[in-house]
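Protein chains in written order, with the working numbering: chain A, 4 to 333; chain B, 361 to 455.
One structure below.
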């Protein structure tokens, strides 16, 4: 479960809306009240949340692909059962989130179509390939670890349905991170080859994972409104720092080297990373990552191949309904 | 072509602890049988429930949030409906 760079808002349109209602709305937010679907809300709040929650949902669904890639090749039945359950959870998380997004007034079908047409974004991290089994361990450990950092504050988001969905998600997420770390521990205690595979996976995933938290605070232009609306509670850099500080000792435990030779600890004990290649991030978001086309093609294929199932289910429901009506009329 | 709409259902689950069915979320399904199966897969992957209800969302009549002031005002002023309103002498002990 994975939000990233989704926390930007679409600006404030109070100027064009009822000023009194907007200030009442802000007062409710300031009093830590939850906003519910039928409550009045500024159009920009609705738009920001619809985009953020639906992109979050798309990320869950697309996130099933890189991991699903290894279900049939998991090294043991135990690993296979766990991975299958994890991928199933990601699907469930996507569905909770779509349901939350829909309460803002956009239909599920519109949301899904926006993803399939490439109009809506999803987390850039899923545009990287899973080349070895160690990637499955690394995704659980780092990608889910980063996602948890991002999602725990979202459990207190001002929009009720989103906060409630995140509570469910966070409860289930901890299993994902732990199963990933267990895979890493096993590989790192294994043969030299297995350990090298773990290091190689960390080398490839480290920087893309740091990018999951979104652009640095100086260039993240829209955070102010999201913070004021209590959609966002911590800045991108704050969350990134928390994640790095939590991860460094774990890597040390595994005996793995974080691929950032310039990283050092400052006087507060925080680990300061070297500059991030934001150009790579922009390229991946723009559709030029290693797997962007594959991911969309896989989603479209699944959607098209499922069309007959949706049609058959709808036809059957229609037939049953008309039979019931006919019987009632007799 | 835009994907056609599938009906929305609200899901209620009764957990092991004997409490009433509780709303847990919603889902889309073509009919009630599929809705029940989907509810099991989406909302009870970790043994969360012993019973599921699915209700078509459009069958629910809800109170209007903009009228909640008027709707719930009558209860606000009736503190005598709570046990703590009444004085019981200390000598009587717990009641």
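Note that the Cβ used here is the ideal one computed from N, Cα and C, for glycine as well.
The beta strand (DSSP E) spanning residue i covers which residue range?
i, result
"residue 413/B", "411-416"
"residue 144/A", "Neither: residue 144/A is in no beta strand (DSSP E) and is coded neither H nor E."
"residue 370/B", "368-374"
"residue 193/A", "Element bounds for residue 193/A: n/a, residue is neither H nor E."
"residue 387/B", "382-388"
Counting C-beta neighbours from all protein chains within 10 Å, is the total for residue i 16 or more, i.e. buried, or is it exposed?
i, result
"residue 102/A", "buried"
"residue 232/A", "buried"
"residue 420/B", "exposed"
"residue 292/A", "buried"
"residue 327/A", "exposed"
"residue 403/B", "buried"
"residue 256/A", "exposed"
"residue 280/A", "exposed"
"residue 448/B", "exposed"
"residue 385/B", "buried"
"residue 432/B", "exposed"
"residue 311/A", "exposed"
"residue 361/B", "With a pLDDT of 47 at residue 361/B, under the threshold of 50, the predicted position of this residue should be treated as unreliable, and no value is reported."
"residue 234/A", "buried"
"residue 78/A", "exposed"
"residue 30/A", "exposed"
How many Å lie between residue i and residue j at the Cα?
i, j, result
"residue 115/A", "residue 434/B", "44 Å"
"residue 91/A", "residue 412/B", "20 Å"
"residue 118/A", "residue 289/A", "14 Å"
"residue 334/A", "residue 74/A", "Absent from the structure is residue 334/A, since the part of chain A shown begins at 4 and ends at 333."
"residue 278/A", "residue 264/A", "12 Å"
"residue 315/A", "residue 417/B", "22 Å"
"residue 76/A", "residue 202/A", "20 Å"
"residue 428/B", "residue 48/A", "22 Å"
"residue 177/A", "residue 99/A", "17 Å"
"residue 3/A", "residue 106/A", "Only positions 4 to 333 of chain A appear in this structure, which leaves residue 3/A out of reach."
"residue 329/A", "residue 168/A", "41 Å"
"residue 350/A", "residue 152/A", "Because chain A here runs from 4 to 333, residue 350/A falls outside it and cannot be looked at."
"residue 145/A", "residue 137/A", "12 Å"
"residue 320/A", "residue 397/B", "15 Å"
Note the first and the last residue of the continuous alpha helix (DSSP H) segment covering residue i.
i, result
"residue 61/A", "46-71"
"residue 276/A", "Looking at the DSSP string, residue 276/A is not in any alpha helix (DSSP H), and its letter there is neither H nor E."
"residue 26/A", "22-33"
"residue 397/B", "392-403"
"residue 239/A", "239-257"
"residue 432/B", "428-436"
Considering only heavy atoms of the ligand NAP, does any lie closer than 6 Å to the CB of residue i?
i, result
"residue 421/B", "This structure lacks the ligand NAP, and indeed carries no ligand of any kind."
Subject >> Three or more C-beta pairs below 8 Å linking the segment 149-163 of chain A and the segment 91-98 of chain A >> reply: no
Original post:
Touching or not, the segment 57-66 of chain A and the segment 116-126 of chain A, by the rule of three or more beta carbon pairs under 8 Å?
Top reply: yes
Subject >> Stretch pair the segment 167-187 of chain A + the segment 237-248 of chain A: three plus CB contacts closer than 8 Å >> reply: no
**OP:** Note down, one range per segment and in chain order, each alpha helix (DSSP H) of at least 4 residues found wholly within the segment 92-172 of chain A.
**Re:** 111-119, 136-141, 147-157
Original post:
Is the segment 185-198 of chain A close to the segment 206-220 of chain A, with three or more CB pairs under 8 Å?
Top reply: no
Original post:
Are the segment 363-375 of chain B and the segment 384-395 of chain B touching, with three or more C-beta to C-beta distances below 8 Å?
Top reply: Remark: three or more beta-carbon pairs, one from each stretch, lie closer than 8 Å, so the segment 363-375 of chain B and the segment 384-395 of chain B are flagged as touching.
Original post:
Are three or more beta carbon pairs between the segment 161-168 of chain A and the segment 36-45 of chain A nearer than 8 Å?
Top reply: yes
**OP:** Scan the segment 274-333 of chain A and note each continuous alpha helix (DSSP H) run of 4 residues or more that stays entirely inside, going in chain order.
**Re:** 281-286, 295-308, 310-332
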